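The number in my numbering is simply the position in the sequence shown, starting from 1, with 922 added.
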Amino acid sequence: MRLGRLGRRGPDVPDEVSSVLGDRARVVLSVARDERSGADLVATTTHVYAVRSGSVELERPWHMVDTGAWDDQTRLLSVQWVDKAPASVWEVELPSTFPQVLRERVQATVVLSDEVDLGAKRRARVVVRKNLETQALLGQTILGRGVRSTDPEVREQTREALDRLREQVGLD
923 MRLGRLGRRG PDVPDEVSSV LGDRARVVLS VARDERSGAD LVATTTHVYA
973 VRSGSVELER PWHMVDTGAW DDQTRLLSVQ WVDKAPASVW EVELPSTFPQ
1023 VLRERVQATV VLSDEVDLGA KRRARVVVRK NLETQALLGQ TILGRGVRST
1073 DPEVREQTRE ALDRLREQVG LD
């Protein structure tokens, strides 16, 4: 048995997962099975993991999640990453709290955000997020579809918008 927050009993963590993650899984909030790959999905206070066949296939901090989408009909949980890594799509066995925990953890990282209108139906988002492991604040710029980071005007507008957010939260 693993104790969660406030001394409550936490989710059951398969022995194989516990042995693979070791101390990285200090406080486990939710565990689910991906029916597609057979991986165990583990949500901790600071990271999301996928563990399969005795190895960690995915280890990402929550502030690297851009968006997530849950489909009740198909039980598919899709996660887009800030760094444009390939999306993760998991078929979650029900019942599971994993989709709700993912949402809560991602929201916990967002300190302040703003959308930047770049004209011609082009958009970007600037976000100040918290690394839940270190508590450090960091700025992120997420470009919309068709927006090029090499465009000097885009770089200038998003930098100015992110600078405004950083100033509001006391960052240089």
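Every residue, glycine too, gets a C-beta built ideally from N, C-alpha and C. None of these values were measured; they are calculated from a predicted model.
Under DSSP, the beta strand (DSSP E) around residue i begins and ends at which residues?
i, result
"Thr989", "987 to 993"
"Leu999", "998 to 1003"
Does the distance from the CB of residue i to the CB of residue j come in under 8 Å?
i, j, result
"Ala1046", "Val1076", "yes"
"Val942", "Val973", "yes"
"Leu999", "Pro1017", "no"
"Val1014", "Asp1073", "no"
"Val1033", "Val1091", "yes"
"Thr1031", "Lys1052", "yes"
Which stretch, first to last residue, makes up the alpha helix (DSSP H) that contains residue i?
i, result
"Glu981", "That residue, Glu981, is in no alpha helix (DSSP H); its beta strand (DSSP E) goes 977 to 983."
"Gln1029", "1020 to 1031"
Skipping 5 residues on each side, what residues in its chain have a beta carbon closer than 6 Å to that of residue i?
i, result
"Thr1019", "Ser952"
"Arg1027", "Trp984"
"Asp934", "none"
Closer than 8 Å by C-beta to residue i: which residues in its own chain qualify, once you throw out the five before and the five after it? Chain order, please.
i, result
"Trp1003", "Arg982, Met986, Val987, Asp988, Ala1009, Ser1010"
Under 8 Å by Cβ, that's how I've got residue i and residue j pegged, so tell me the actual separation to the nearest angstrom.
i, j, result
"Gly1061", "Leu1084", "5 Å"
"Val1049", "Ile1064", "7 Å"
"Leu1040", "Val1069", "6 Å"
Grab me the residues of residue i's own chain with a C-beta within less than 7 Å of its C-beta, minus the 5 sequence neighbours each way, in chain order.
i, result
"Val1001", "Val987, Gly990, Ala1009, Ser1010"
"Gly976", "Glu938, Val942"
Those runs of the beta strand (DSSP E) which lie wholly inside the region 934 to 974 and span at least 3 residues: Within the region 934 to 974, the complete beta strand (DSSP E) runs of at least 3 residues fall at 950 to 955, 962 to 966, 969 to 974.
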